[in-house]
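For the sequence shown, this note's numbering gives the first residue as 9, with consecutive numbering after it. Yeah, the Cβ is synthetic: ideal placement off N, Cα and C, and Gly gets one too.
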Amino acid sequence: MNPAVHLDGITKRFPGVVANDDVDLAVERGSVHALLGENGAGKTTLMNVLYGLYRPTEGRVVIDGEPRSFDSPRDAINAGVGMIHQHFMLVEPMRIWENVVLGNEPTEWYGLRVDEDAAREAVRELSARYGFDVDPDARVEDVSVGVQQRVEILKALYRGADILILDEPTAVLTPQEVEDLYDVFEELTDQGKTIIFISHKLSEATHAADEITVLRNGKNVGTVDTDDVTSEQLAEMMVGREVLMERSAATEPPGDVVLDVEGLVAEDDRGVEVVSGVSAQVREGEVFGIAGVDGNGQSQLIESITGLRTPTAGTVSFHGEDLDDVSRRERIDRGMAYIPEDRQARGLVMEYDLTQNAVLGSQHDDEFTDGPRLDWDRAASHAESVIKQYDVRPPDRDATAESFSGGNQQKFIVGREFERDPDLVVATHPTRGVDIGSTEFIHDRLTELRSEGKAVLLVSSKLDEVQALSDRLAVMHDGEFTGVVDPTTVTEEQLGLLMAGETLDDDTVDHVGVGDDGRPTETAADEEVSA
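The structure is reproduced here in structure tokens:
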């Protein structure tokens, strides 16, 4: 029996770069196949060849045993191939049914008018068939990211897709939405659809896929059955060496308080209170982690700490000084580095090249100025240093930020912020969209900063990450801390309860000598000092 997809000896060259090098890939009909690899390994390029966005330099695309030549995505769609990109392509003010049928609308009155009833019914029928529970009349801007992803899948199904490609499908989803997506995969494959998804997350690939193909440096280094491989083996296939999966605990007690947040209240952009009296302290030589489902006030809390949002009540102190009237730029000057949640909106100027982005926030420092003017030679040297040390690909300081993949944008921001020599690093989702090798490097660097006596405030939706790195772990729900626990002893079940808004009795979880507000009790503080 022929596979649904056979990519036979695919090579794709760009000027100066071989993105895919003689890649073979076979995907069985009705299966879920993961394409795993680091940023820049060639995963998306290979799928863009299958979807008709690129023509291969060499090799051929075979669908259900028939060789195909795609000059555009329309040719691929006509052959039953659909692709859901990482950044959705929806018209937000429009209704769901309008987005699904856009460009392929059913018509009436001799093709002069869109048959809205037929369109709604088509979307409703597709949604019911695959158990999507989507309201055709809802506007895209009013539904969750998880529902928007289902709308993208419905768009492909409406156009007759039997083979679905998903590029980093869980990058913007909450843990609950990720589980829902796995259910969608099962529904689709039960009805004969074939799924290929691009990922760099080991847990995602091993949980959802039947088979996994690993790319490294544009080459296929192996295809394995999910049941026959460990995460450690996959990591080594991706990186080409053994990858350290465990992190070391702090060996020294924390020092003085660097960041002190007391009774902080903040509102979102609509004026709704989303942070309700949060208090916490972060000390020298400590990683203080915050876990929770996205959307529970973490963003507004961090923006209030870093100077991007004005809290409505409470105080933020840095080295004992109130930051109430201190600007974002001055907070940087005082030693507060910030890895933002939204790298494109907050971390980079997308039209600027990497040299310009390397000095954002530091463009007035003596290090990068020559009198009243910015010294571009020093800025360029700094950019090159960040690019080299943090393995940003391609290593081109003159390329604009928008020309890099999301993972490489993230690595550049992380490098720039770490190299400020900060006293406090506020890191929100520092490894979002980053491959396992770079994740290991970033984790090691955070651990090194802690060992150097720096304070780290870490926010992450990845429970394994925030547990592995944190010395104390707060769980945030509905704008409040439901508990501050010892990450080495708390169980996943207990974390799940805290994330759902429940509080735990002191005799069921170790609160590491702090109150639920994150501030050490007098006894705990005395013990830390005496230690």
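I'd like the list of long-range same chain contacts for residue i, defined as Cβ closer than 7 Å, with 5 residues on each side in sequence excluded.
i: V186; result: T178
i: G526; result: For G526, the pLDDT reaches just 42, beneath the cut-off of 50, and the residue's location in the model is therefore unreliable, leaving the point undetermined.
i: D350; result: none
i: L5; result: The requested residue 5 does not occur in the structure, where the chain is confined to residues 9 to 539.
i: L505; result: L512
i: D399; result: K419 and S446
What are the boundary residues of the alpha helix (DSSP H) that includes residue i?
i: L503; result: E500 to M507
i: R424; result: G414 to F426
i: L309; result: Q306 to T314
i: S393; result: W384 to Q397
i: E133; result: E124 to R137
i: P114; result: Taken as a continuous stretch (DSSP letters only), P114 belongs to no alpha helix (DSSP H), as it is neither H nor E.
i: E240; result: S239 to V247
i: N365; result: L362 to A366
i: D341; result: R336 to R342
Can you give me the C-alpha to C-alpha distance between residue i and residue j, rounded to a whole angstrom?
i: G139; j: Y59; result: 26 Å
i: D198; j: V192; result: 10 Å
i: R103; j: R121; result: 17 Å
i: G50; j: T496; result: 37 Å
i: Q306; j: M507; result: 12 Å
i: L223; j: H208; result: 10 Å
i: S468; j: G303; result: 12 Å
i: D443; j: E124; result: 44 Å
i: A476; j: S239; result: 16 Å
i: P402; j: T363; result: 14 Å
i: P23; j: Y62; result: 14 Å
i: R386; j: F78; result: 47 Å
i: A87; j: G487; result: 48 Å
i: K470; j: N56; result: 28 Å
i: R453; j: A299; result: 20 Å
i: G279; j: G315; result: 18 Å
i: S335; j: V434; result: 16 Å
i: P541; j: K163; result: Nothing can be reported for residue 541: it is not among the residues displayed for the chain, which extend from 9 to 539.
Please state whether DSSP places residue i in a helix, a strand or coil.
i: Q289; result: strand
i: A49; result: coil
i: S459; result: helix
i: P403; result: coil
i: E270; result: strand
i: V108; result: helix
i: H327; result: coil
i: D233; result: strand
i: D373; result: coil
i: G355; result: helix
i: G526; result: Caution applies to G526, whose pLDDT of 42 falls short of 50 and renders its modelled position unreliable; the model cannot decide the point.
i: E195; result: helix
i: S446; result: helix
i: H41; result: strand
i: E149; result: helix
i: D302; result: coil
i: D264; result: coil
i: R453; result: helix
i: L58; result: helix
i: E349; result: coil
Within the continuous beta strand (DSSP E) that includes residue i, where are the two ends?
i: Y166; result: Segment V153 to Y166 is the alpha helix (DSSP H) holding Y166; no beta strand (DSSP E) there.
i: V25; result: V25 to V35
i: V493; result: E488 to V493
i: P81; result: Element bounds for P81: not the beta strand (DSSP E) but the alpha helix (DSSP H), P81 to N86.
i: R21; result: V13 to F22
i: V472; result: One point to set straight first is that residue 472 is Asp, not Val, in the sequence displayed. Where D472 is concerned, there is no enclosing beta strand (DSSP E), although the alpha helix (DSSP H) it sits in stretches over L471 to L477.
i: E214; result: At residue 214 the sequence reads Thr, which differs from the Glu that was named. Looking at the DSSP string, T214 is not in any beta strand (DSSP E); the run it does join, the alpha helix (DSSP H), is L210 to A216.
i: E410; result: From DSSP, E410 is part of no beta strand (DSSP E); its letter is neither H nor E.
i: S468; result: Where S468 is concerned, there is no enclosing beta strand (DSSP E), given that its DSSP letter is neither H nor E.
i: M97; result: Taken as a continuous stretch (DSSP letters only), M97 belongs to no beta strand (DSSP E), as it is neither H nor E.
i: E540; result: Look at the range of the chain in this structure, 9 to 539, and you will see that residue 540 is not part of it.
Excluding five sequence neighbours on each side, which residues of the same chain lie with their C-beta closer than 6 Å to the C-beta of residue i?
i: E311; result: R317
i: R128; result: W105 and P144
i: A213; result: A42, L44, S207 and I220
Output needed for residue i: all residues of its chain with C-beta closer than 8 Å, excluding positions within five of it in sequence on either side, in chain order.
i: A539; result: Any answer about A539 is weak, because its pLDDT of 27 lies below 50 and its placement is not dependable; what the coordinates show is given next. Cβ within range, chain order: P261.
i: H215; result: Y190
i: S478; result: V295, F296, G297, L466 and P495
i: L98; result: N107, V148, Q156, V159 and E160
i: D4; result: The shown model of the chain, from 9 to 539, leaves out residue 4, and the question about it has no answer.
Using 8 Å for Cβ pairs, my map puts residue i next to residue j. What's the rounded Cβ distance?
i: S446; j: G415; result: 7 Å
i: E294; j: A463; result: 6 Å
i: T408; j: E359; result: 6 Å
i: A217; j: H41; result: 6 Å
i: I206; j: V35; result: Going by Cβ atoms, the distance from I206 to V35 rounds to 13 Å, so no, they are not a contact pair.
i: Q308; j: A274; result: 4 Å
i: A169; j: V89; result: 6 Å
So is residue i in contact with chain D if we call contact Cβ pairs under 8 Å?
i: R453; result: Among the chains in the structure shown there is no chain D, since it carries only a single protein chain.
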